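Novice: If you want the working numbering, it's the position in the sequence shown, counting the first as 1, plus 2.
Glycine is no exception: its CB is placed at the ideal position from the N, C-alpha and C atoms.
Values in this document were obtained by computation on a predicted structure and should not be read as measured data.
Okay, handing you the structure first.
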Amino acid sequence: MKRFFGKFVVKTNSAKTNYVVSTSEKVSSYYPETYLVPKENVLELGQVRNDIFFSESEEDADVPTFLKENKIITYMPTHRSFGKIDTDINLVFDFQELDQFCEKTGYIFVIKRHMYSSGYIPKQYKHIIDISEENIDPQFLLKYTDILLTDYSSCYTDFLLLDRPVAFYCYDLETYLKKSNEMYHGYFDVTPGPKTRNFAELMQSLEEYVKDPTLYQDERNRVLNVFYSSGNQGKVLEKQVTYLYKNILKI
């Protein structure tokens with residue numbers, strides 16, 4: 003029902019002809035329904051936002067120094083029904099234990115929460131930094147992240163391009179699947195890393211990654227190829243511009 007009536011909203015707010023850029027054949031398969039465009043208007047040309055992973059730019063100079071000079075674990079979760087069923091972050095993290103872990107291993111734990119997240123993060127911990135209210139581009143944050151921790155957010159699919167460890171903190175998986183956002187893939191099919199259900203399991207997975215960052219590397223590569231075709235796993239800006247000029251604008 004929502005999708006049917008949503009079509010009229012999309013048409014009202016769209017141009018006569020619309021195109022959507024995708025990253026792989028698999029992604030292209032569900033974009034027509036998602037974005038309400040014809041199959042032929044889905045262009046498998048990659049994501050320009052990820053070009054920053056493969057070169058330095060003027061914007062790199064604006065990235066906070068602490069991200070560049072430390073080993074970084076970033077926690078970047080998604081929302082649960084626009085925050086309606088979010089759990090207070092203090093109920094799923096023991097920040098004192100986490101801070102001690104970072105002290106021991108030499109990491110900084112950076113938190114970039116979704117705008118709908120709930121709970122206050124204590125500021126007394128030396129190795130835990132909440133940047134949720136700061137103006138730091140998420141892609142640059144990923145670029146300088148050594149270990150990514152997420153839950154159901156798609157941010158990890160971009161991070162796979164960097165071939166670095168990912169861990170999944172799915173403490174409320176059943177509730178999320180039942181009451182929150184839809185998924186295009188089976189959760190366990192496309193999450194190349196440990197799926198931790200409580201804080202103790204999470205800490206164990208982080209310990210293992212610190213010792214061996216190559217864990218799950220084959221799985222990461224497999225899932226990367228699901229979301230990004232081989233031709234879209236590097237810089238794509240020039241390819242996109244050339245295609246638009248020749249095939250859309252016909253200049």
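So, at 6 Å on beta carbons, what are the nonlocal neighbours of LYS18 in its own chain, with the 5 sequence-adjacent residues on each side left out?
Specialist: Residue numbering aside, residue 18 sits at position 16 when the sequence shown is read from its first letter. For LYS18, where only same-chain residues beyond five positions count, there are no Cβ hits under 6 Å.
Novice: Anyone know if the C-beta pair for LEU204 and TYR171 falls short of 9 Å?
Specialist: Here residue 204 refers to the residue found at position 202 of the sequence shown. Here residue 171 refers to the residue found at position 169 of the sequence shown. For LEU204 and TYR171, yes; Cβs fall inside 9 Å.
Novice: By the three-class DSSP mapping on this structure, what secondary structure does VAL50 have?
Specialist: Looking up residue 50 in the sequence shown gives position 48. In the structure shown, VAL50 sits in a helix (DSSP, three-state: H, G or I).
Novice: Hey, THR76 and LEU143 are a contact pair by Cβ (cut 8 Å); roughly how many whole angstroms apart?
Specialist: For this step, residue 76 is matched to residue 74 along the sequence shown. For this step, residue 143 is matched to residue 141 along the sequence shown. Correct: roughly 6 Å between the Cβ atoms.
Novice: According to DSSP, is SER155 part of a helix, a strand, or is it coil?
Specialist: Within the sequence shown, the letter at position 153 stands for residue 155. Of the three classes helix, strand and coil, the one that applies to SER155 here is coil, per DSSP.
Novice: Starting from the Cα of MET78, find the closest Cα among SER155, LEU251 and GLU240 and give me that residue.
Specialist: Translated into the one-based positions of the sequence shown, residue 78 becomes position 76. Of SER155, LEU251 and GLU240, the residue nearest in Cα terms is SER155.
Novice: In the DSSP assignment, the alpha helix (DSSP H) including ALA202 goes from what residue to what residue?
Specialist: Here residue 202 refers to the residue found at position 200 of the sequence shown. Note, ALA202: alpha helix (DSSP H), 201-213.
Novice: Between which two residues does the beta strand (DSSP E) carrying TYR109 extend?
Specialist: The count along the sequence shown starts at 1 and reaches residue 109 at position 107. TYR109 -> beta strand (DSSP E) spans 109-113.
Novice: Tell me whether the beta-carbon of LEU100 lies closer than 9 Å to the beta-carbon of ILE130.
Specialist: In the sequence shown, residue 100 corresponds to position 98, counting from 1. In the sequence shown, residue 130 corresponds to position 128, counting from 1. Contact flag set, yes.
Novice: Between the alpha carbons of LYS237 and THR177, how many angstroms are there, rounded?
Specialist: For the purposes of this step, residue 237 is taken as the residue at position 235 of the sequence shown. For the purposes of this step, residue 177 is taken as the residue at position 175 of the sequence shown. The straight-line gap from Cα to Cα measures roughly 38 Å.
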